[in-house]
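The listed protein sequences derive, respectively, from chains Z and A.
The end of the first sequence is residue 476 by the numbering used here, with every number in the run present.
The end of the second sequence is residue 447 by the numbering used here, with every number in the run present.
Built from N, CA and C at the ideal position, the CB exists for glycine as well.
It should be emphasised that the depicted structure is a prediction, and the values quoted were computed from it without experimental measurement.
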Amino acid sequence: MSNLQTRPVLGEPTRYTFPKPQRLQVGGGTVVAIDIPGQPYAAIRLVQPAGGISEPADLMGVAALTNEALEDGIHGNSSLAPSLERHGAEWVSRIGWDSFITGVDAPANRIADAVGLFAEALRTPALRDEDIVRRRDQLIESFWLEASVASTLAARSIGGQLFTGRYATPLSGGPAGLHELTPENVRRFHADSVASVAGTLVVVGDLSGVDLEALGRTVFGDALATPARHTVAPDPAPGDLPRILLLDRPGSVQSALILAHRAPARSQVDLPKVEGMSDVLGGMFTSRLNMELRERLGYTYGVGCRFDLRRDSGVFVISTQVEAPTTAHSITATLEQIAKLKDEGATEGELAAVRESNTVGLPVSYSTAGRLAGALVESVVHDLPEDHVDRLRAGFERLTADDLQQAARDYLHPQESVVIVAGDAETLREPLAETGFGPVEVRDPETLWAVPGSTTP
Amino acid sequence: MTSVQQGVQRLVTTTNGAAKQITQHTLDNGLRLVIAPAATGQVAAVNLWYGVGSRHEVPGRTGFAHLFEHLMFQGSGNVPKGDHFDAIERLGGDINASTSSDRTNYYETVPEHALDLALWLEADRLATLREGMGQEVLDNQRDVVKNERRQRYDNIPYGTAFERILSHAYPPGHPYHHPTIGSMADLDAADLEYVLSFHKAHYGPDNLVLTVVSALDPDDVHERVKHYFGGIPARDVIAEAPDATLEGPIGGPKSEVVTENVPAPAVFLIYRVPAYGTREFDIMQLASAVLGQGQGSRLYRRLVVERGLANDDGGSAADLVNFRYTPGLFFVSMIARDGVTGDQLEEAMLDEISTLADGISEEEMERARAVLERDHLQSISTPGGLADSLGSCTQLFDDPTLVYTWPQRWAAISTDEVVEYAKRLLTPENRLSVRFEDEEAPDADA
């Protein structure tokens with residue numbers, strides 16, 4: 020027979036304070052670093068502002084293509100990765116709407132070697148015609164390969180439903196626009212927005228024996244200080260809201276389902292209130308949407324929601340994949356959960372969960388070099404103070420149930436939403452219309468990105 | 002000595018120091034405990050490896066070990082449905098579980114002060130899950146798992162590839178013939194009585210490796226684990242796994258061509274290799290790294306960059322499936338570029354695979370070792386990742402220090418050995434091909 024103990028009562032957690040980073044001005048750039056003794060792998064990231072939103076209107080996708088082409092290195096022909104691989108290091112790069120991120124993950128005792136290779140690839144890449152054309156054509160083919168997955172297809176079509184301008188086309192560009200990009204476009208974008216801009220270098224890992232100033236000199240060279248940025252709020256897409264876009268994917272046994280609407284810029288919201296409310300609705304396993312759609316109804320493997328907050332605007336997205344015949348009810352059940360949160364607010368238990376997970380849980384959130392580097396990158400991209408993690412923690416500590424309900428009322432707008440379904444149109448059109456949510460438009464996914472920048476009906 | 006070899010030695014020397022900081026205990030009820038220090042403070046990573054996986058399933062009961070993993074979150078004697086997830090999530094903890102052919106894994110990384118709660122929750126579902134189980138939660142989680150299957154297998158292009166490969170690579174009735182997710186029909190047939198008997202058969206402390214990675218004193222951690230788990234009795238009867246022995250090559254060349262709605266032709270080439278943990282497995286892992294891991298690998302350089310036949314996968318075209326208790330699989334997969342047929346791609350892949358037998362340069366081997374070592378070190382660079390690897394090496398090989406010394410195994414393998422084993426194993430009689438062709442392409446069944 021088992022001899023079991025009673026449930027333990029938790030003691031007081033140790034208060035978490037985000038490590039204070041070292042900050043160094045080197046030439047035109049800034050090095051921001053956190054030392055974690057004993058951490059064998061270091062995360063090194065250069066943050067520059069050349070993200071998707073900075074692209075010229077006729078060159079959508081050039082940031083993504085440039086980012087990819089850097090991997091061909093100073094000798095071209097995909098030469099960078101093999102050089103890094105020999106040092107046990109790995110190239111890391113991605114673009115955001117507001118940022119152009121490059122860097123390496125490297126063993127702590129190889130930081131200098133890896134950063135040397137990284138810096139020359141970033142500042143003086145070969146950018147040969149044949150490499151750029153190969154990367155471009157692969158990017159276009161990958162676009163369709165990835166869009167053959169229902170959830171990716173649905174997610175990529177959000178921008179065109181909510182915005183005009185740059186956000187209407189996916190971050191990596193649409194296939195038609197990418198097709199028009201030339202090697203010269205890439206070289207120009209690289210020269211103007213990457214090679215000549217110092218940026219901010221984030222270094223996290225065991226820094227014993229690491230000369231941060233030398234790293235800064237290697238990466239920044241004589242590049243100029245990062246220019247100030249201007250943001251202009253984007254215009255909405257035409258057409259009445261709410262509405263349903265049904266992307267036909269014949270024979271799908273599951274529907275990818277998204278509900279999305281516009282949201283304010285990150286700097287315009289009180290983040291703990293907005294993210295806390297989002298956690299209650301769909302940001303955790305125990306959130307209302309997951310408890311309803313997965314744990315009670317069994318319609319899905321999982322559902323989540325989040326605010327994607329940028330410098331000039333934002334998007335709120337709920338996304339899930341549901342068994343095809345439950346698609347319409349999944350939408351109405353989701354709308355009911357939103358209405359209930361707005362009407363009745365959050366419970367004290369939910370408030371405690373949100374507050375504790377975002378305060379007590381911080382040591383878990385920042386238990387890896389990658390996560391610490393991510394927090395520093397975020398502070399650079401959004402011009403946040405270096406103690407922004409501690410400020411957020413203080414904001415969550417102050418949070419009340421009223422705040423969460425008010426945030427639901429202020430920031431959840433199902434009547435201004437578009438619902439996107441990637442699924443079998445023949446069987447879904449009628450049940451979706453019967454939800455009464457809004458008019459249903461059926462599209463063939465292949466027509467979505469046929470003309471550069473044109474994604475709206 | 003080359004710079005890479007020096008690098009390997011330096012890293013291994015560093016990690017050997019860490020190996021000495023591991024402590025191990027076996028409780029009276031058979032529970033194996035591994036304790037190791039974390040690089041960052043204020044967290045405790047708890048990881049449980051139970052020695053049960055889909056290899057224990059019998060025909061008609063496929064998918065059961067994984068369905069059962071879901072049920073472990075649905076409440077136990079003293080924990081209501083949903084409370085385990087809720088308790089850990091509200092601490093900001095990372096929590097999840099996974100099932101494979103060989104084992105079932107549960108984990109949570111929590112703030113240090115919550116270690117006792119994590120241990121108690123795990124102990125409660127180990128000891129009393131059967132008291133919390135009912136038909137309603139079984140029906141609900143069956144629906145959830147069926148949706149997981151749709152999401153991961155049935156509703157994505159090439160989603161059934163691995164299921165098809167297993168069905169050809171292991172004979173009917175063999176415990177690795179089916180994937181962990183199981184079939185829809187078997188999931189439908191799962192009943193409550195079998196759930197209860199499954200827990201009784203496989204979930205005992207004597208079938209568990211528990212790992213804790215934290216900055217806490219190891220003696221303190223040992224005492225806490227004894228406190229929560231020490232009173233749980235071992236199983237009365239030790240469940241036997243079905244016989245998974247398999248000799249010889251795969252019985253090839255075998256092939257299946259699947260014609261369905263896919264965006265481009267895809268080719269999967271599979272070879273049978275010795276089990277995970279053998280030196281021969283390590284040798285073939287180096288061969289797979291030379292061939293298809295990283296952008297310096299042969300397949301990437303030749304078929305992606307030079308010949309433009311395959312889509313850019315970032316350099317992850319080859320790998321090994323690491324089954325511990327039966328021969329594993331050498332796995333090569335690529336997707337065709339526009340205008341390239343499945344036939345052309347398959348032929349080009351076979352050509353590259355055959356070049357391994359012609360020789361490998363020292364430079365290629367150094368790169369391959371560095372890539373494998375990098376992936377290994379990255380996987381243990383987080384508290385949760387380290388705990389998982391320690392649990393794995395203890396459950397599968399009874400030696401947690403392997404986590405720190407594994408790169409030495411690759412360093413001790415010569416280029417000649419890799420070439421020799423490539424010659425011996427990458428042969429037509431040991432080969433299986435599964436190819437996907439687009440049903441809308443004009444020459445789909447050419």
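**Request:** Just grab the DSSP bridge partners of residue 324 of chain Z for me.
**Result:** As a working note, residue 324 of chain Z is residue 305 in the first sequence. In the DSSP output, where bridge partners are listed per residue, residue 324 of chain Z has Z:337.
**Prompt:** So which residues on chain A does residue 380 of chain Z lean against when the C-beta distance must stay under 7 Å?
**Reply:** Looking up residue 380 of chain Z in the first sequence gives position 361. Neighbours of residue 380 of chain Z on chain A, chain order: 92, 93, 94, 112.
**Asked** Which residue from A:399, A:52, A:385, A:175 puts its Cα closest to that of residue 246 of chain A?
**Response** For the purposes of this step, residue 246 of chain A is taken as residue 245 along the second sequence, with counting starting at 1. Nearest C-alpha to residue 246 of chain A: A:175.
**Outcome for residue 297 of chain Z when other beta-carbon atoms lying within 10 angstroms are tallied against a minimum of 16** = In the first sequence, the residue the question calls residue 297 of chain Z occupies position 278. Classification for residue 297 of chain Z: buried.
**Asked** For residue 350 of chain Z and chain A, any beta-carbon pair shorter than 8 Å?
**Response** Indexing the first sequence from 1 puts residue 350 of chain Z at position 331. With 8 Å as the cut-off, residue 350 of chain Z does not count as an interface residue toward chain A.
**Message:** Taking the beta carbon of residue 432 of chain A as the centre, do at least 16 other beta carbons fall within 10 Å, making it buried, or is it exposed?
**Reply:** Numbered from its first residue, the second sequence carries residue 432 of chain A at position 431. Buried: at least 16 other Cβ atoms inside 10 Å.
**Prompt:** With a cut-off of 8 Å, does the C-beta of residue 106 of chain Z fall near any C-beta of chain A?
**Reply:** By one-based count along the first sequence, residue 106 of chain Z stands at place 87. Cβ-Cβ to chain A under 8 Å: yes for residue 106 of chain Z.
**Request:** Buried or exposed for residue 243 of chain Z, please, with buried defined as at least 16 other CB atoms from any protein chain shown within 10 angstroms of its CB.
**Result:** Stepping through the first sequence from its first residue, residue 243 of chain Z is reached at position 224. By the 16-neighbour rule on beta-carbons within 10 angstroms, residue 243 of chain Z is exposed.
**Prompt:** Nearest CA to the CA of residue 422 of chain Z: which residue from Z:158, Z:400, Z:363?
**Reply:** In the first sequence, the residue the question calls residue 422 of chain Z occupies position 403. That would be Z:363, whose Cα lies nearest to the Cα of residue 422 of chain Z.
**Asked** Under the rule that 16 or more other beta-carbon atoms within 10 Å means buried, what is residue 239 of chain A, buried or exposed?
**Response** Here the question's residue 239 of chain A lines up with position 238 in the second sequence. Residue 239 of chain A should be labelled exposed.
**Request:** Consider the Cβ of residue 441 of chain A: report whether some Cβ of chain Z lies at a distance smaller than 8 Å.
**Result:** Within the second sequence, numbered from 1, the residue matching residue 441 of chain A stands at position 440. Closer than 8 Å: no.
**Request:** Find out if the Cβ-Cβ distance for the pair residue 480 of chain Z, residue 92 of chain Z is shorter than 8 Å.
**Result:** Because chain Z here runs from 20 to 476, residue 480 of chain Z falls outside it and cannot be looked at.
**Prompt:** Out of A:375, A:318, A:161, A:361, which has the shortest C-alpha to C-alpha gap to residue 350 of chain A?
**Reply:** Counted from its first residue, the second sequence places residue 350 of chain A at position 349. It is A:318.
**Message:** Using a Cβ-Cβ distance cut-off of 8 Å, determine whether residue 368 of chain A contacts chain C.
**Reply:** Protein chains in the displayed structure are Z and A, and chain C is not among them.
**Item:** Whole-angstrom C-beta distance between residue 305 of chain Z and residue 94 of chain A, which should lie under 8 Å
**Value:** Indexing the second sequence from 1 puts residue 94 of chain A at position 93. Indexing the first sequence from 1 puts residue 305 of chain Z at position 286. About 12 Å; that fails the 8 Å criterion.
**Item:** Residues of the region 335-347 of chain A whose Cβ lies closer than 9 Å to any Cβ of chain Z, in chain order
**Value:** Here the close residues are 336, 338, 339.
**Asked** What residues in its chain sit with their C-beta under 7 Å from that of residue 361 of chain A, if we drop five residues either side in the sequence?
**Response** Walking along the second sequence from the start, residue 361 of chain A turns up at place 360. Counting only Cβ-Cβ distances below 7 Å, and skipping sequence neighbours, we find 291, 416, 419, 420.
**Item:** Those runs of the alpha helix (DSSP H) which lie wholly inside the region 236-301 of chain Z and span at least 4 residues
**Value:** 290-297
**Asked** What residue range is occupied by the uninterrupted alpha helix (DSSP H) comprising residue 405 of chain A?
**Response** Along the second sequence, read from residue 1 onward, the residue named residue 405 of chain A stands at position 404. Taken as a continuous stretch (DSSP letters only), the alpha helix (DSSP H) holding residue 405 of chain A covers 403-412.
**Prompt:** Should residue 230 of chain Z be labelled buried (16 or more other beta-carbon atoms within 10 Å of its own) or exposed?
**Reply:** In the first sequence, residue 230 of chain Z corresponds to position 211, counting from 1. Exposed.
**Prompt:** Does the beta carbon of residue 52 of chain Z sit closer than 8 Å to a beta carbon anywhere in chain A?
**Reply:** Counting from one through the first sequence, the residue named residue 52 of chain Z turns up at place 33. Not one chain A Cβ lies under 8 Å of residue 52 of chain Z.
**Request:** Show which residues of chain A have a CB atom less than 8 Å away from the CB atom of residue 55 of chain Z.
**Result:** By 1-based counting over the first sequence, the position of residue 55 of chain Z is 36. Result: 40, 41.
**Asked** With 8 Å set as the bound, which would you pick, yes or no: does the beta-carbon of residue 338 of chain Z sit closer than that to a beta-carbon of chain A?
**Response** Mapped onto the first sequence, residue 338 of chain Z falls at position 319. Not an interface residue.
**Prompt:** Taking residue 346 of chain Z as the reference, which of Z:272, Z:295, Z:285 has the closest Cα?
**Reply:** On the first sequence, position 327 is the one that residue 346 of chain Z refers to. Checked all of Z:272, Z:295, Z:285; the closest Cα to residue 346 of chain Z is Z:272.
**Prompt:** What are the start and end residues of each continuous beta strand (DSSP E) run of 3 or more residues lying completely inside the region 290-341 of chain A, in chain order?
**Reply:** 319-322, 329-336
**Item:** C-beta atoms of residue 343 of chain A and residue 438 of chain A nearer than 8 Å
**Value:** By one-based count along the second sequence, residue 343 of chain A stands at place 342. By one-based count along the second sequence, residue 438 of chain A stands at place 437. Cβ distance < 8 Å, so residue 343 of chain A and residue 438 of chain A count as in contact.
**Asked** Between the C-alpha atoms of residue 440 of chain Z and residue 311 of chain Z, what's the straight-line distance to the nearest angstrom?
**Response** Locating residue 440 of chain Z in the first sequence gives position 421, counting from the first residue. Locating residue 311 of chain Z in the first sequence gives position 292, counting from the first residue. Going from the Cα of residue 440 of chain Z to the Cα of residue 311 of chain Z covers about 19 Å.
**Item:** Option nearest residue 265 of chain A by Cα separation, candidates Z:269, Z:165, Z:191, Z:365
**Value:** Numbered from its first residue, the second sequence carries residue 265 of chain A at position 264. It is Z:165 whose Cα lies nearest to the Cα of residue 265 of chain A.
**Asked** From the beta carbon of residue 31 of chain Z, is the nearest beta carbon of chain A less than 8 Å away?
**Response** Looking up residue 31 of chain Z in the first sequence gives position 12. Closer than 8 Å to some Cβ of chain A, the Cβ of residue 31 of chain Z qualifies, so yes.
**Asked** In this structure, what does DSSP give as the bridge partners for residue 44 of chain A?
**Response** Counted from its first residue, the second sequence places residue 44 of chain A at position 43. Answer is A:112, bridged to residue 44 of chain A.
**At least three beta-carbon pairs within less than 8 Å, the region 260-279 of chain Z to the region 169-179 of chain Z** = Result yes; three or more Cβ-Cβ pairs closer than 8 Å.
**Request:** Please list the partners that residue 79 of chain Z has in chain A, where partner means a Cβ-to-Cβ separation under 9 Å.
**Result:** Taking the first residue of the first sequence as 1, we reach residue 79 of chain Z at position 60. Within chain A, no residue comes near residue 79 of chain Z; the closest Cβ sits about 20 Å away, beyond 9 Å.
**Request:** Note down, in chain order, all residues in the region 108-128 of chain Z with a beta-carbon under 8 Å from any beta-carbon belonging to chain A.
**Result:** 108, 109, 124, 126, 128
**Asked** Looking only at its own chain, which residues have a Cβ that is under 7 Å from the Cβ of residue 449 of chain A, when we skip the five neighbours before and after it?
**Response** The displayed coordinates of chain A run from 2 to 447. Any statement about residue 449 of chain A would go beyond what the structure contains.
**Request:** Could you list which residues in chain A have their beta carbon closer than 7 Å to that of residue 371 of chain Z, in chain order?
**Result:** The sequence position of residue 371 of chain Z within the first sequence is 352, counting from 1. The contact set of residue 371 of chain Z on chain A, defined by CB atoms closer than 7 Å, consists of 91 in chain order.
**Message:** What does the alpha-carbon distance come out to for the pair residue 260 of chain Z and residue 86 of chain A?
**Reply:** The sequence position of residue 260 of chain Z within the first sequence is 241, counting from 1. The sequence position of residue 86 of chain A within the second sequence is 85, counting from 1. About 37 Å.
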